[in-house]
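**Q** Sending over a structure as structure tokens; questions will come in a sec.
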Amino acid sequence: MHRTSMMSCTAVLLLLVAHPLAAQRGAGGRTPEEARTDSVFTAFDRSDSPGCSVGVFRDGAIRYARGYGMANLELGVANSPHTVFDVGSVSKQFTAMSILLLQKDGKLNIDESVRKYIPELPAYADHITLRELLSHTSGIRDHFGLLEIAGRDFDGTADTVDYLRYITRSAAPNFEPGTRYLYSNSGFVLLAQIVYRVSGMPLARFAAERIFAPLGMRDTRFQDDHTQIIPNRATAYMPRGDHWAIRMSEFDDMAGAGGLHTTVEDFQKWLRNYDSAVVGSRDIVAAMTTPTKLKNDSLAGTPPESWYGLGIGVGTYRGLPVDSHTGVWGGYRAAFLRFPNNDLAVATFCNFTTAGPDTLARRVAAVWLGSALAPDVATAWQDSLRHAAPASMSPGSLATFAGAWRNDVLGEVRRTDVSGDTLYMLTGRRAPLVPLGGNRFRAAPASLITFEGDSAGAPNRLVVRSATSATTFTRVPLASASAKLTDYLGAYYSPEVETTWQVRPDSGGLAVMRDGRRVGKLEPVSRDVFLEDGSTMDFKRDRSGRITGFVLEAGRVRHLRFDRQPSR
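165 is the number that the working numbering gives to position 165 of the sequence shown; each next residue is one higher, with no gaps.
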């Protein structure tokens, strides 16, 4: 949910001097699959590093479970299958189950308006259903994005009142409800509040009584109080230079979008419920694991392989149907994969920011599924791109690809320019593009940039391709070199986040200040359009040409208006 620190090359070299934890290994020999699973986690199977716990589940039972690295570096406690992790957004399926249990009880209907249950939401929410909250198709702005724009410190504390204040003050949705998919934690904050208002119990208590206790999940709970003591909980870490620093967060006293604490052993009991339906019913399980349809009958999610049901991802991986989700909170990272047609599931819970648990889970799944998986086309594509030989291009040839580019659906802009003999792309950071010949360039870590056009002239489209998707940007006029930067100076206020941004001169350009602190530099892209650390600021003018405000496009927060304040 937040930005995380990147590990320095020095830290990587130091941390890869392994100290295996033989005491964590089970007695007796290991099968080839178990040995290969251990090899996936070799880099942090050691006594001076945090790590992960993995669970491999087959036919509803634990087939292999083990911990790697340390749950607590200060006390010398190792990770194990009993270690408790905050699993972040993996929590959402439990919130979804709670809502569907209340529907089964006849206490709500997921196709009713959210304002029936939370009337303090703005009028636009009349057209948002609980189903759309459950499937990230509501258009409600993500409260974490709003809080960040407002300058809230994610290492502080926040609770239900804080979250609901920002959500209910949001004056407009990101898009017309039901027409698009855009991940929003706000929807699950609202769902947790609905559980409380309908059942009379906080989500933590409701889930404990209706889900965890019936399934025997004794080490699982929703945390709704950051001061709560949780036995066997791993401490979360992040790399800092050549050592580790604690990366816990107090900024989550509200269960729903996250907050679930569990172990890989307990998680097996939950995954088994997808087949046994001890909690809920087969109809509920089917509803959760069916891709959501948008109003135009297309599927909600990220094409072509990742769709979203109700609180859970539903797609395919290397030719096999898979249910999945990832989770990020503080220094915790989590991921699980469930292959319903192959009686196999994998859960990987980690306690450091750079773990990459989704990649680890896929590698473990490949060990146990073997030839049942189709060839790994995505990895092969990435490897081929990384190893493609660079081409030689003159600065004059590269100049053809310089320009400004925009995708209005995503609210994102790009700028490309030439410096020396290199073409760069600006997306909030300045990244070199490696020419591969013709109109093709490689961007780190594994993206293919192509420039396309409808004529023999300069290209009018920029396409960013990954192994599984493509996003098209259209050329827009470049920012004028004669633009008066003084036009933009001043204070801009957003009543939705109760925040003022100041645009001030900065080393020949412009920067944004908030509460006396520099937020970031403004990079010009096209007329009245600037990039600020990856976000887009569209300045608006009245008929006389005077700047009246700007609209901010910031990922999961779209169309947030700031109005220019009178000069004092």
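Note that the Cβ used here is the ideal one computed from N, Cα and C, for glycine as well.
Per DSSP, valine 84 forms a beta bridge with which residues?
**A** In the DSSP output, where bridge partners are listed per residue, valine 84 has Arg233.
**Q** Roughly how many whole angstroms lie between the Cα atoms of glycine 28 and alanine 35?
**A** Confidence at glycine 28 is low in this model, with a pLDDT of 49, below 50, so its placement is unreliable and the value that follows should be read with caution. Cα-Cα distance, rounded: 12 Å.
**Q** Answer with buried or exposed for alanine 286, where buried requires no fewer than 16 other C-beta atoms within 10 angstroms of its C-beta.
**A** The residue in question, alanine 286, is exposed, as its Cβ has fewer than 16 Cβ neighbours within 10 Å.
**Q** How would you label glycine 26, buried or exposed, when you count the other beta carbons within 10 angstroms and need 16 or more for buried?
**A** With a pLDDT of only 42 at glycine 26, under 50, the local geometry of the prediction cannot be trusted, and no value is derived from it.
**Q** Between which two residues does the alpha helix (DSSP H) carrying glutamine 223 extend?
**A** It is not in any alpha helix (DSSP H) - glutamine 223 carries neither H nor E in the DSSP assignment.
**Q** Evaluate contact between the stretch 30-50 and the stretch 187-205, counting only Cβ atoms and requiring at least three cross-stretch pairs below 8 Å.
**A** Judged by Cβ distances under 8 Å, the stretch 30-50 makes no contact with the stretch 187-205, as fewer than three pairs qualify.
**Q** Given 8 Å as the limit, is there contact between the stretch 533-546 and the stretch 118-126, that is, 3 or more CB pairs closer than that?
**A** No, the stretch 533-546 is not in contact with the stretch 118-126.
**Q** In the structure shown, what three-state DSSP assignment does phenylalanine 267 receive?
**A** Helix, per DSSP.
**Q** Using the rule of at least 16 other Cβ atoms within 10 Å of the residue's Cβ for burial, across every protein chain shown, is isoleucine 600 buried or exposed?
**A** Within the shown structure, residues of the chain are numbered from 1 to 568, placing residue 600 beyond reach of any answer.
**Q** Mind checking which residues open and close the alpha helix (DSSP H) that includes proline 357?
**A** Looking at the DSSP string, the run of the alpha helix (DSSP H) that includes proline 357 is 357-369.
**Q** Can you give the Cα-Cα distance for proline 459 and aspartate 283, rounded to whole angstroms?
**A** Computed Cα separation, rounded: 51 Å.
**Q** Around the C-beta of leucine 133, are 16 or more other C-beta atoms found within 10 angstroms, so that it is buried, or is it exposed?
**A** Label assigned to leucine 133: buried.
**Q** In this structure, how does DSSP classify alanine 61 when only helix, strand and coil are distinguished?
**A** Looking at alanine 61 - three-state DSSP - the assignment turns out to be strand.
**Q** Could you tell me which residues DSSP puts in a beta bridge with methionine 70?
**A** BP columns for methionine 70 point to Pro50, Ala78.
**Q** Tell whether a beta-carbon distance below 7 Å holds between threonine 472 and arginine 465.
**A** Cβ atoms of threonine 472 and arginine 465: not closer than 7 Å.
**Q** Would you report the Cα separation of alanine 23 and histidine 82, rounded to the nearest angstrom?
**A** The predicted position of alanine 23 is uncertain, since its pLDDT is 36 and thus under 50; a value taken from the coordinates is nonetheless stated next. Cα-Cα distance, rounded: 15 Å.
**Q** Determine contact between the stretch 81-96 and the stretch 320-331, defined as no fewer than three beta-carbon pairs at a distance below 8 Å.
**A** Yes: at least three Cβ pairs fall under 8 Å.
**Q** Assuming tryptophan 405 and valine 476 form a contact by the criterion Cβ under 8 Å, report the distance between their Cβ atoms to the nearest whole angstrom.
**A** Sure, about 7 Å apart at Cβ, within 8 Å.
**Q** If you compare alpha carbons, which of Gly549, Ser170, Arg504, Arg362 is closest to valine 557?
**A** Looking at the Cα atoms, Ser170 is the closest of the given residues.
**Q** Compute the distance between the beta-carbons of tryptophan 381 and leucine 344, then report whether it is under 7 Å.
**A** The answer is no: Cβ separation not under 7 Å.
**Q** Name the one or two DSSP bridge partners that glutamine 502 has.
**A** Ala491, Met513.
**Q** With 16 as the cutoff for other CB atoms within 10 Å, does alanine 365 come out buried or exposed?
**A** Classification of alanine 365: buried, given that the 10 Å Cβ count is 16 or more.
**Q** For isoleucine 110, which residues in the same chain have their Cβ closer than 6 Å to its Cβ, ignoring the five residues on either side in sequence?
**A** For isoleucine 110, where only same-chain residues beyond five positions count, the Cβ hits under 6 Å are Gln103, Leu130, Arg131.
**Q** If we count Cβ pairs, one from each stretch, closer than 8 Å, do we get three or more for the stretch 93-102 versus the stretch 302-312?
**A** Cβ pair count under 8 Å is three or more, so yes.
**Q** Output needed for methionine 393: all residues of its chain with C-beta closer than 7 Å, excluding positions within five of it in sequence on either side, in chain order.
**A** Excluding sequence neighbours, methionine 393 sits near Pro435.
**Q** Indicate whether the contact test is met: 3 or more Cβ pairs, each with one atom in the stretch 247-260 and one in the stretch 178-194, closer than 8 Å.
**A** Output reads yes: the stretch 178-194 touches the stretch 247-260.
**Q** Output yes or no for whether 7 Å exceeds the beta carbon distance between serine 39 and asparagine 79.
**A** It is not a contact, given that the beta carbons lie outside the stated cut-off.
**Q** Label asparagine 174 either buried or exposed according to how many other C-beta atoms from any shown protein chain fall within 10 Å of its C-beta, with 16 as the threshold for buried.
**A** It is buried - the Cβ of asparagine 174 has at least 16 other Cβ atoms within 10 Å.
**Q** If I measure Cβ to Cβ from alanine 491 and keep anything under 6 Å in the same chain, skipping five residues before and after, which residues do I get?
**A** Only Thr500, Gln502, Gln565 meet the Cβ criterion.
**Q** What are the boundary residues of the beta strand (DSSP E) that valine 413 is part of?
**A** That run of the beta strand (DSSP E) goes 412-419.
**Q** CA-CA distance, glycine 403 and leucine 478?
**A** Looking at the two C-alpha atoms, the distance is approximately 6 Å.
**Q** Tell me glutamate 33's beta-bridge partners as DSSP assigns them.
**A** The partner list for glutamate 33 (beta bridge, DSSP) is empty, contrary to what the question assumes.
**Q** If distances are taken between C-alpha atoms only, which option among Asp86, Gly216, Thr290, His143 comes closest to asparagine 232?
**A** That would be Asp86, whose Cα lies nearest to the Cα of asparagine 232.
**Q** Can you tell me where the alpha helix (DSSP H) holding glycine 145 begins and where it ends?
**A** Looking at the DSSP string, the run of the alpha helix (DSSP H) that includes glycine 145 is 143-149.
**Q** Relative to the C-alpha of arginine 338, which residue among Glu452, Asp358, Gly331 is closest?
**A** It is Asp358.
**Q** Give me the residue from Ser138, Gly555, Ala61, Phe94 with the minimum Cα distance to leucine 577.
**A** Because residue 577 is not part of the residues shown, which for the chain are 1 to 568, the question remains open.
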